[in-house]
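Take a look at the structure below.
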Amino acid sequence: RNGIVEAINHIRKPQCHGGWDWGITQMITGFCGPVKLVATDDFRIDYIYSDQAFSTDYSKCELCVYADITAADGAKSTVTNRFVIDRPRLWWPNGMGEQAFHEVTLDVKGRKIKKRIGLRKIEMVNETDVDPVSGMKGMSCFFRVNGRAFFAKGANWIPCSAFENEQTPARYRDLLESAKAANMNMIRLWGGGQYEKDCFYDICDELGLLVWHDFMFACANYPDGPFLENVRHEVRHQIKRLRDHASIALWCGDNECRGCFRALWDYVIADIPYYFSRFRKRIDLLDAAVADYDPARTFWPTSPCNGPNESGMEEKEEKDAIKGDLHFWGVWHGGDPFNRFTELRPRFCSEFGFQSYPSKETCLTFCKEGDLSLDSPVFDHHQKNEGGNRRIRNTMRRYFRDPVDFDSMLYLSQVQQALAIKTAVEAWRSLTPWCMGTLYWQLNDNWPVSSWSSIEYGGKWKHLHYHAKRFFEPVAVMAVRKTGAADLEIWAVNDGPEPVTRTFTLEEWAFDAQSPRTVRAQREVTLPPGRAVQLDRVSAGEDTNRVFLSLSLGSVVNDGFFTEYKNCALAKAKVRVSSVVSAPEGAFDVTVETDRPAFYVWLNAAGIRGEFSDNSFTLLPGRPRTVRFVPKSRTGTLREFSLALTVTHLNENCRESSSAPTEDKGNAAALRALGLDVSN
Numbered sequence: 010r011n012g013i014v015e016a017i018n019h020i021r022k023p024q025c026h027g028g029w030d031w032g033i034t035q036m037i038t039g040f041c042g043p044v045k046l047v048a049t050d051d052f053r054i055d056y057i058y059s060d061q062a063f064s065t066d067y068s069k070c071e072l073c074v075y076a077d078i079t080a081a082d083g084a085k086s087t088v089t090n091r092f093v094i095d096r097p098r099l100w101w102p103n104g105m106g107e108q109a110f111h112e113v114t115l116d117v118k119g120r121k122i123k124k125r126i127g128l129r130k131i132e133m134v135n136e137t138d139v140d141p142v143s144g145m146k147g148m149s150c151f152f153r154v155n156g157r158a159f160f161a162k163g164a165n166w167i168p169c170s171a172f173e174n175e176q177t178p179a180r181y182r183d184l185l186e187s188a189k190a191a192n193m194n195m196i197r198l199w200g201g202g203q204y205e206k207d208c209f210y211d212i213c214d215e216l217g218l219l220v221w222h223d224f225m226f227a228c229a230n231y232p233d234g235p236f237l238e239n240v241r242h243e244v245r246h247q248i249k250r251l252r253d254h255a256s257i258a259l260w261c262g263d264n265e266c267r268g269c270f271r272a273l274w275d276y277v278i279a280d281i282p283y284y285f286s287r288f289r290k291r292i293d294l295l296d297a298a299v300a301d302y303d304p305a306r307t308f309w310p311t312s313p314c315n316g317p318n319e320s321g322m323e324e325k326e327e328k329d330a331i332k333g334d335l336h337f338w339g340v341w342h343g344g345d346p347f348n349r350f351t352e353l354r355p356r357f358c359s360e361f362g363f364q365s366y367p368s369k370e371t372c373l374t375f376c377k378e379g380d381l382s383l384d385s386p387v388f389d390h391h392q393k394n395e396g397g398n399r400r401i402r403n404t405m406r407r408y409f410r411d412p413v414d415f416d417s418m419l420y421l422s423q424v425q426q427a428l429a430i431k432t433a434v435e436a437w438r439s440l441t442p443w444c445m446g447t448l449y450w451q452l453n454d455n456w457p458v459s460s461w462s463s464i465e466y467g468g469k470w471k472h473l474h475y476h477a478k479r480f481f482e483p484v485a486v487m488a489v490r491k492t493g494a495a496d497l498e499i500w501a502v503n504d505g506p507e508p509v510t511r512t513f514t515l516e517e518w519a520f521d522a523q524s525p526r527t528v529r530a531q532r533e534v535t536l537p538p539g540r541a542v543q544l545d546r547v548s549a550g551e552d553t554n555r556v557f558l559s560l561s562l563g564s565v566v567n568d569g570f571f572t573e574y575k576n577c578a579l580a581k582a583k584v585r586v587s588s589v590v591s592a593p594e595g596a597f598d599v600t601v602e603t604d605r606p607a608f609y610v611w612l613n614a615a616g617i618r619g620e621f622s623d624n625s626f627t628l629l630p631g632r633p634r635t636v637r638f639v640p641k642s643r644t645g646t647l648r649e650f651s652l653a654l655t656v657t658h659l660n661e662n663c664r665e666s667s668s669a670p671t672e673d674k675g676n677a678a679a680l681r682a683l684g685l686d687v688s689n
């Protein structure tokens with residue numbers, strides 16, 4: 010059972026139509042998408058698909074193109090043509106090279122169909138090894154494209170709207186371009202949603218976003234018998250329809266269905282072997298379909314699991330993190346501290362997350378100002394995870410001082426979400442190449458809701474998405490604080506194919522300082538390809554709550570804290586906008602500066618669709634930052650943009666120990682100082 014709809018597992022509709030812990034219950038009837046009835050006394054072209062075979066050095070590609078044709082009398086045939094392509098232009102994921110395409114034209118008796126094909130070889134590599142920490146037998150889990158292994162960086166995808174008419178090409182493009190902008194190279198198409206519209210796969214091809222593709226089964230036991238015969242036709246069609254998309258990396262049997270045998274239903278627990286046999290029938294059917302219709306791709310039985318040939322009925326456990334993919338929910342559902350992420354050493358984490366509230370702008374699309382309260386029935390209706398508000402609030406007390414008002418509650422919820430996922434991703438990237446993938450839950454929402462998404466319904470980026478853009482940088486530097494440790498480990502990672510040399514700078518700052526207290530390190534470092542390197546290990550001694558670290562690796566910046574923010578002596582920083590100027594194509598450049606270190610500095614242009622080039626960042630005295638706001642619709646004049654612009658930061662949103670009154674977070678005075686009229 011998910012949501013309020015019983016037995017939705019018997020209905021071949023998106024399972025989240027029955028409600029989920031982030032989704033509205035919206036049981037849509039009828040066909041999905043346009044329907045047409047076509048009559049002909051001639052042949053019909055059913056599918057066009059291809060196979061690719063490369064020479065060892067990728068200097069040649071043999072492309073075999075197939076067309077399945079049904080004649081007027083019902084007879085079926087397959088037409089085949091082979092091409093040998095010398096020095097092919099290859100298709101690469103985002104950040105690894107170009108997304109090159111070749112056009113194939115099928116001409117049958119004058120009827121022409123054109124198809125775009127990306128030439129590339131995709132492999133999932135699962136090789137047995139030994140965990141050097143535990144000594145236990147493990148198994149690698151990583152992807153290789155065109156012979157090159159890479160770290161998968163991305164998020165999980167759910168339907169982009171609960172409402173069919175809102176699933177527009179523009180919405181798909183906006184979300185997927187935001188994924189690319191955050192340095193992602195993979196999207197997991199989650200099994201409780203839908204086989205997506207053609208435009209989803211076309212855009213992923215174009216943007217270089219690989220797709221971990223679940224078949225559409227999630228968190229349930231499914232029938233056998235005639236139900237499976239229906240599934241057989243379903244998956245045959247979907248594989249043939251989709252297999253030529255360069256972006257599809259893998260076929261996965263379902264989302265978390267195996268876990269149902271141990272956790273959810275007494276009647277299943279009473280007869281696990283019987284229900285597991287039904288599960289295996291479906292998995293075996295899907296496995297055979299992939300082998301028949303797309304043998305070049307890996308079939309992954311279920312997510313999470315320990316490997317492509319796993320057949321046991323035991324639920325995946327944390328001890329199995331050293332093989333296969335992992336879903337880890339101990340921090341959200343289990344209430345573990347964020348540093349719990351650092352205790353795991355996964356090979357590939359395909360699900361993990363932490364909730365936040367939407368921004369006030371998005372909240373006001375479903376409730377009035379008077380409903381902005383955790384106790385409001387309207388606000389609570391847009392929180393579908395039981396106990397979700399309590400978890401957000403309890404965690405906030407663990408890491409931050411109390412918010413000064415409800416606006417600050419919304420702000421802090423997004424800050425702590427960003428902190429949670431940043432903690433996980435940076436810890437796991439520091440394990441490269443042991444760990445080779447992090448796909449957080451989740452990229453998007455299907456209605457305005459409190460959830461794990463990094464992009465709100467409507468397209469607005471949360472704090473997390475700006476942090477993802479930074480923690481998924483191809484070359485990154487990070488400070489990892491492990492459970493029980495008093496010091497910080499400083500790591501750097503290089504995802505590229507060649508070594509890179511950068512200037513590494515490590516500064517220690519006091520929270521109330523106007524310049525670095527000391528420069529602990531400044532040197533050239535050369536990072537090998539595809540591997541994390543530890544650069545330093547730093548202890549604050551008795552100053553854990555008085556100092557923090559500022560890190561830079563070339564143009565990439567980060568920071569590190571020795572204790573929770575609520576313990577830190579954060580200064581009363583005065584952050585101000587020092588300049589707002591027009592930029593090309595309707596954009597605006599905004600410069601901000603501060604007199605004391607300020608954290609999670611947040612710029613917002615209320616009511617104007619668009620995103621900043623950077624946001625939710627650390628701002629240091631004497632180092633002003635200029636960011637560009639790129640609108641997604643007409644913004645109007647410089648004055649209109651400036652009136653909508655506000656800036657805030659962490660200390661402004663947390664009460665002091667004396668519960669001092671809140672300061673005005675508006676920016677009117679600064680704008681007047683710039684000569685901009687704000688009287689209206």
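Basically the working numbering = 1-based index in the sequence shown + 9. Where a beta carbon is used, it is the ideal one built from N, C-alpha and C, also for glycine.
CB of residue i to nearest heavy atom of the ligand ZN: below 8 Å?
i, result
"S564", "Absent from the structure shown: the ligand ZN. Ligands present: none."
Excluding five sequence neighbours on each side, which residues of the same chain lie with their C-beta closer than 7 Å to the C-beta of residue i?
i, result
"H111", "I126 and L128"
"C73", "S59, D60, T89 and R91"
"S368", "L419, E465 and K469"
"L237", "K290, R291 and L294"
"I122", "I54, I57 and L115"
"Y376", "Residue 376 is actually Cys in this sequence, not Tyr. Only S385, V387 and F388 meet the Cβ criterion."
Per DSSP, which one or two residues make a beta bridge with residue i?
i, result
"Y609", "According to DSSP, which records beta bridges pairwise, Y609 is partnered with nothing at all."
"I94", "C70"
"N567", "L560"
"E551", "None, per the DSSP bridge assignment."
"M487", "W500"
"C663", "P412"
"T404", "According to DSSP, T404 bridges with nothing at all."
"S417", "Answer is none; S417 lacks a bridge partner."
"F513", "R532 and L562"
"E360", "H336"
"T89", "Y75"
"K162", "T447"
"V222", "Note that residue 222 corresponds to His in the displayed sequence, not to Val. DSSP output for H222 lists L198 and W260 as bridge partner(s)."
"A541", "V502"
Between the options, which lies nearest to residue i when the distance is taken from Cα to Cα?
i, options, result
"W31", "G39, D211 and N394", "N394"
"C266", "L497, P102, D223 and G333", "D223"
"G362", "S463, W274, R410 and S385", "S463"
"R438", "R540, L421 and D604", "R540"
"E665", "D411, E352 and D95", "D411"
"A190", "H472, S622, E507 and V340", "S622"
"C663", "R479, D414 and A297", "D414"
"G493", "F480, F350 and E370", "F350"
"S625", "V636, F638, Y609 and P633", "Y609"
"E649", "V528, F285, V590 and V601", "V590"
"G28", "A161, G147 and P168", "P168"
"L515", "S548, P537, K491 and D504", "S548"
"V534", "I499, E594, E243 and I20", "I499"
Going by beta carbon distance, what residues of the same chain come within less than 8 Å of residue i, once the five residues before and after it are set aside?
i, result
"R120", "I54"
"C208", "P178, Y181 and R182"
"I78", "F52, R53, I54, D55, K85, S86, T87, V88 and V117"
"L216", "N103, Q108, L185, E186, A188 and K189"
"W450", "A164, N165, E360, F361, G362 and W461"
Whose C-beta lies closer than 6 Å to the C-beta of residue i among residues of the same chain, with five residues either side of it excluded?
i, result
"S668", "Here the model assigns S668 a pLDDT of 38, short of 50, so the residue's position is not dependable, and the following value carries that caveat. Closer than 6 Å at Cβ, skipping near neighbours: no residue."
"D454", "S460, S462 and Y466"
"L562", "V486, A501, R511 and F513"
"D50", "A81"
Return the Cβ separation of residue i and residue j in integer angstroms, given the expectation that the two are a contact with Cβ distance under 8 Å.
i, j, result
"W518", "F557", "6 Å"
"K124", "V139", "Actually they are not in contact, since the Cβ atoms of K124 and V139 sit about 45 Å apart, beyond 8 Å."
"A161", "F152", "6 Å"
"A582", "D604", "6 Å"
Length at least 3, wholly inside the segment 274-337: the beta strand (DSSP E) runs in chain order: Runs of beta strand (DSSP E) with 3 or more residues, each lying fully within the segment 274-337, are absent.
Residue ranges of each beta strand (DSSP E) within the segment 107-160, 3 or longer: Those beta strand (DSSP E) runs which fall completely within the segment 107-160 and span 3+ residues are 111-117, 120-126, 131-134, 137-139, 146-148, 151-154 and 157-159.
Ranges of the alpha helix (DSSP H) found wholly within the segment 587-633, counting only runs of at least 4: Runs found: none.
Ordered list of beta strand (DSSP E) runs contained in the segment 418-475, each at least 3 residues: The segment 418-475 is shown to contain whole beta strand (DSSP E) runs of 3 or more residues at 446-449, in chain order.
Length at least 3, wholly inside the segment 178-203: the beta strand (DSSP E) runs in chain order: Runs of the beta strand (DSSP E) inside the segment 178-203: 195-198.
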